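Chains as they are written, first to last, in the working numbering: chain A, 463 to 1617; chain B, 11 to 402.
Just so you know, even glycine gets a beta-carbon here, dropped at the ideal spot from N, CA and C.
Just so we're clear, the structure is a prediction, and the values are computed from it rather than from any experiment.
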């Protein structure tokens, strides 16, 4: 029997709670027997797993790395997540050894203890580097008893603001340098001989221990617990809190959450679950098609995943493969992965039913502090690699090991060579080895690269070897050599000459590397050279790299450009690109000159005009007014120019110079879009003579859009708006949107009146009008909440409207206790977070476990009225305001899911708390912080809109709470809530709601069967649905977790008796049709294969071209966004799912996701 | 008490060393007082002093020897500058600066020891004026504490191998800052401590090795910061400048006999450059004699050697180490108190999640106090009962 959950829970029968409690404990905490855990493992075809080591030999492994003798060093912490007062910090570095090579460790040695949450260890320089909270230590055992007896502090000053973000992921690079990472909440200040190096937020450091040179390799990522290099030295990272799979690391680039970023590089697998650890697997033990693939862990979904990368222009595309291991064991937490000296894959299993310490209490008794395992995955029947004897090898032998097929061997050999260089020098041996390399060997060029890296590791510059690699036949070797050139840029003559060559390289990755190195050479000339990369095709990676270089070098090239000493060889494309990277007011004289010249193509002309609008001074903008005037300018261009001029006024307070009388003419235009833009322009530019015209348009314009634009224009113009707007707001017969616009426009000048009008309108409207817009504007206004409180205190409101208003407040992340009480009273509702007692929670958990139905829950999740998709995506499709739910169930315990739904503020995922900003104009904004540059702060509000606030306008900034409104579950019965929780708790677990690895369409648009679209279909046939016809209205829908678009959701959109194909055939009632479409974004051209469950009942268009449907179709696609449109005859279709899967493709493409 | 023979021999070798320290004093007369609450503020040099404890231990022991008991609070933060550039965390440095001023004031210090300038010096002459202006501001902002100020000069960078970066350029800049800080100290009636050059001698520190026990040991492992030996060394330099030079006191036993009392002048730092106390026994007959402490032989020497005297700190080795490790422990507990891990969840913008655990943090206070009491006890000069008897 349905009942409102928030009170029904309170009435639950509590008598059996003690039984429930016991069951729940049993269920949540599995018996920690490795055998039971191993039985749940499903291995990749042809592989097997064995237990290499387990508790009590080790507890809580965090990072592991092998040494050159094949011993496995493990950083382990029982103190994590937080030391307790009185507790002795005694965390350890363990060394496991498998002396008889049987794949099972037979001894553990405690190398070091007394540590505080050591999160990384890597052997090197005669001992091991250890990440120990604020410090990077180097520990050595000088007396040979296996225990560290000397500890050197190498660096200190790493932040510890969050113990799962502290210094981690130690890695030796192919260049012999040490890399280590920190995550989002960490602020590090490290003193070196070369100055203080600071990094706020996440990033990867690059360090040469013997010279203490420390640099930032990249910035950002939420929690990058995986970093590795491929055989050509390109590096990749995974993110334990960001859901974009493999991230391709461009040197110096900014990634998700990077502090100070105005643009970021996205991951290669958007919509992925979170990943921890990364190993690019190589070696003779593994099959050919696994070579170079990337193994990482979905620690929430209990999976060890594998991705295959292919070239995509300067960067890469990535696709998930069959798992290495999957399991449903709730405590299997794979977090690190390494290929061992025997060629097998080793997986560190943190073993814990509870992960995370933000959402889950530090002292939650379910946290495991004592167990841990290392699993070893090997290929059935394949011979092990004979572990190389590196420790005893001569220098010559070590050099030969650089040719090994195993990355393990190459990396350790290079590291040992570097160490020998420090002691005794290896250069003459290196020269001899290079001279004797076999030029006919298929990997000869890569062997040369290993030689070049060895010079770099040895900190010895060799220009000859560098140039040899820069001229390699293999583009990947050239790209790697450019990076080495970057490291040597201050130590060789004329690096710019070499870079000029690389910028013109045939391969985009070489160009990208060159562009990035140029960003580190602070000369105007560097930028001039970098811009030559525009002369060959530019893809997203190269475009990013070049704009970053432009930004880094801005202070050297911009003054030169403005002084007229730099003109990029008169190349318009170069000049336009340079300006487009600016985003700040500067003289645009060179652009104006360009506009007045005849050198521009039509596309370039548009780019120049846009750049002038966003950067120019009043005189420059006047030129654009002339363009809007010109007859030959097409209307849509006029509109976009006018809009960009209005935007310039709003953001930079610049008004076009000269006479603006012509705006009056546009206000009378018969082109609706131009008229609307003109209304806003007249207001923004305070053209008071046009006030009467605006007022008239507001009162009696032909269309809603025109009236709203005029009202908006009046608001911008200011002055006494009440005489005109109050009557409009009061017009009971006017559409809601017009009255709403009038009220919103009154808020800043007459907030009290606006609140009063709003409350009157909500009172008289039928239930459920959208109150969000007015509420948001009132909340932004300084005294808005107070006047609203006054307006509601003497009246009543329809319950649903009051409830919606309360949700807007809660979504703002701010607290207005009195106003909330006032609204609740006016609406006669009881609302807010529901807090369950322990017994109630236990009961709910047992209902979810025993009665919950995930399939029913998924339908509830998809229900529009509770708007989950508005903020949350699953697998990348959906809103971005809240976290992606793709593997929620695999990480979160049922009670935490329930609590998060009933009381969203109790737990907030990192990066999803709100920031509240008060501007100097007294406006208050709140939202999730997206990024902050040195100029502006960008928030994402609950409506998924970006809010940009100039930093110098910010008066106050404070932290708010969750943006997820409390009370969303009020529309659910208890039974429905149980199903919903069950669904969420299944997400990412093995079974029907596991992560789908195959790329498939998840975001769709569905045609609304309204009058306009019926008319269009009748006139133009089904083909019109493949066009951009503006008369058609589309609605976004998302696939189910399994990838298919559910029929029961789309039946509402069927056209019933609409005309058939060609608009001629009268349609029978069984010919019910729906029209759906989805998009793919192609980054590299090629063939793409799309798989349909069945062609039955489908008519297909690719872009606007009718295309034959088959179970598998192959298409040649050019770069850019392509649309796949389907007309679905529901009766012909039968029960086949609506689903499009991406098959084998040579093109690089992704389905377009998001909201 | 057990002291190995090797340790003693090493200690004996050090006797031949003589330390010269810079005797320059600044305008301000400075003396620690009984009951001083000392706050140390600055960058990595201060922060990392906690790890080794020598600086506090040496000052605590020397002052306790004069009957003065003091406490220390270490508020060092790596990479910090007079603008508190390391202290903003999620806020701008200015907010961190404000918090720092509040925190220092809240501790009610009577003495504040500052170590700033080492990081700022990278900016060279161009950054000097801004640095001095802000240093003055900092001293002004802490004026309400009425604490006496000690300003320490930046340390030089070291170079002990070819692969280390050449510190000449930095050291020249640091020297400019040192001079400016000295001048600032004079203007502000603050006490200046000079660390330029090894042990304050202004001689090049570049290749300095451990002059005492272990050949090949350096003051620093990285060229930038001190290691344990470095702190042990610099602790004596700072003690010398702030508390005064060591006066070697000679204690003697009245010949062979049981359970004679030896009262030490202070807890002795093992391996100090200048021993605080010597021990000698005159008028012994020819032969070898063993020194027993609590019934256990610790050292056997000839009558000549006993007459010449030996430094006393082997006796006190365990005592000093106990004091030092207690200080290290106290600082660790205090660090968890004022700069706890997971501060984001405990006190900052995610406190709504783990704020309940924030109540644990004040529980460090009694633990810190407990260690303070132990430090007080351990820092008092000890009296040993010793026996000298002919070697068997």
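Check whether residue i and residue j have beta carbons under 8 Å apart
i              : j              : result
residue 1183/A : residue 1207/A : yes
residue 536/A  : residue 578/A  : no
residue 558/A  : residue 519/A  : yes
residue 1609/A : residue 1540/A : no
residue 367/B  : residue 818/A  : no
residue 167/B  : residue 233/B  : yes
residue 288/B  : residue 321/B  : yes
residue 1234/A : residue 1188/A : no
residue 808/A  : residue 836/A  : yes
residue 934/A  : residue 925/A  : no
residue 145/B  : residue 92/B   : yes
residue 1599/A : residue 1565/A : no
Proximal chain A residues relative to residue i, where beta-carbon distance stays under 9 Å
i             : result
residue 188/B : Residues of chain A passing the Cβ test: none, with the nearest at roughly 17 Å.
Inter-residue CB distance, residue i and residue j (contact presumed, cutoff 8 Å)
i              : j              : result
residue 299/B  : residue 338/B  : That pair is no contact at about 37 Å.
residue 767/A  : residue 755/A  : Contact doesn't hold; Cβ gap of about 10 Å is too wide.
residue 1366/A : residue 1286/A : With a Cβ gap of about 18 Å, residue 1366/A and residue 1286/A do not count as contacting.
residue 942/A  : residue 694/A  : 5 Å
residue 392/B  : residue 329/B  : 6 Å
residue 590/A  : residue 646/A  : Going by Cβ atoms, the distance from residue 590/A to residue 646/A rounds to 27 Å, so no, they are not a contact pair.
residue 1120/A : residue 1084/A : 4 Å
residue 892/A  : residue 861/A  : 7 Å
7 Å Cβ cut-off: residues of chain B touching residue i
i              : result
residue 1367/A : 362
residue 1311/A : Under the 7 Å cutoff, chain B gives no residues; its nearest Cβ is about 25 Å from residue 1311/A.
residue 547/A  : 370, 373, 374 and 377
residue 1595/A : Residues of chain B passing the Cβ test: none, with the nearest at roughly 48 Å.
residue 660/A  : 89
Beta-carbon neighbours of residue i, restricted to chain A and to distances below 7 Å
i             : result
residue 179/B : Result: empty, since nearest Cβ-Cβ is about 10 Å, beyond 7 Å.
residue 129/B : 653 and 658
Contacts that residue i makes with chain B (C-beta to C-beta distance below 9 Å)
i             : result
residue 674/A : 174, 175, 232, 233 and 234
residue 652/A : 54, 88 and 89
Contact list for residue i against chain B, beta-carbon separation under 8 Å
i              : result
residue 1370/A : 360, 362 and 363
residue 825/A  : 367
residue 595/A  : 351
residue 619/A  : 54, 57, 87, 88, 89 and 96
Chain-ordered neighbours of residue i on chain A, where CB pairs are closer than 8 Å
i             : result
residue 352/B : 543, 544, 622, 623, 624, 625, 819 and 824
- request: Give a yes or no on contact between the segment 1015-1027 of chain A and the segment 1055-1072 of chain A, applying the rule of three or more CB pairs nearer than 8 Å.
  value: no
query: So does the segment 1393-1408 of chain A actually touch the segment 1299-1310 of chain A, counting three or more Cβ pairs closer than 8 Å?
result: no
task: Specify whether the segment 785-804 of chain A and the segment 494-513 of chain A touch according to this definition: at least 3 beta carbon pairs, one from each stretch, less than 8 Å apart.
output: yes
- prompt: Along the chain, which unbroken stretches of the alpha helix (DSSP H) at least 4 residues long are found entirely within the segment 34-107 of chain B?
  reply: 54-62 and 64-75
message: Taking contact to mean 3 or more Cβ pairs, one atom from each stretch, closer than 8 Å, check whether the segment 832-848 of chain A and the segment 800-810 of chain A are in contact.
response: yes
query: Below 8 Å, can you find three or more Cβ-Cβ pairs linking the segment 972-984 of chain A to the segment 994-1001 of chain A?
result: yes
- request: Evaluate contact between the segment 140-154 of chain B and the segment 79-86 of chain B, counting only Cβ atoms and requiring at least three cross-stretch pairs below 8 Å.
  value: no
- request: For the segment 349-391 of chain B, list the alpha helix (DSSP H) runs that are entirely contained and at least 4 residues long, ordered along the chain.
  value: 353-356, 361-364 and 374-388
- request: Only counting runs of 3 or more residues, tell me where the beta strand (DSSP E) segments fall wholly within the segment 1366-1409 of chain A, in order along the chain.
  value: 1375-1381, 1386-1394 and 1398-1402
- prompt: Where in the segment 1441-1510 of chain A do unbroken runs of the beta strand (DSSP E), each at least 3 residues long, occur, reported from the N-terminal end onward?
  reply: 1465-1469 and 1496-1500
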